[in-house]
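First the structure, in the form of structure tokens, and then the observations on it.
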Amino acid sequence: MIVAAYAVSPIDLIPDFIPVLGYVDDIIIVPLGILLVVKLTPPEVMNEHRATADAASERPVSRIAAGVFIAIWFFFATFLARMLL
């Protein structure tokens, strides 16, 4: 939870507006935090959630819903382009 909060927080150890160094702390701290969370999570909890994720990935995909979302995004992109141009 703390790693996710740090990743989206506007407050960093090194501010992002500093060239190169601003993003280096994010590139180093966030993966190390994720690795730490994975290492500290008990194996039975990881196995349980991996099984749940595998079961969820076998769900059918709705191509109609995907088409509707793409159409909505296209409509809004066209609308914004016409408003701005």
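First residue of the sequence shown: 16, per the numbering used here; consecutive thereafter.
Backbone N, C-alpha and C fix where the C-beta goes; we use that ideal spot for every residue, glycine too.
None of the values given here were measured: they were computed from a predicted structure.
Between Ile-49 and Tyr-21, the CB-CB gap reaches or exceeds 8 Å.
Taking Val-23 as reference, the option from Val-76, Ile-42, Ile-33 with the minimal CA-CA separation is Ile-42. Less than 8 Å separates the beta-carbon of Asp-40 from that of Leu-28. For the pair Asp-69 and Pro-58, the Cα-to-Cα distance works out to about 16 Å. Annotation: His-64 to Glu-73 spans about 15 Å, alpha carbon to alpha carbon. Leaving aside the five residues that flank Val-53 on each side, the residues in its chain whose CB is nearer than 8 Å to its CB run, in chain order, Met-61.
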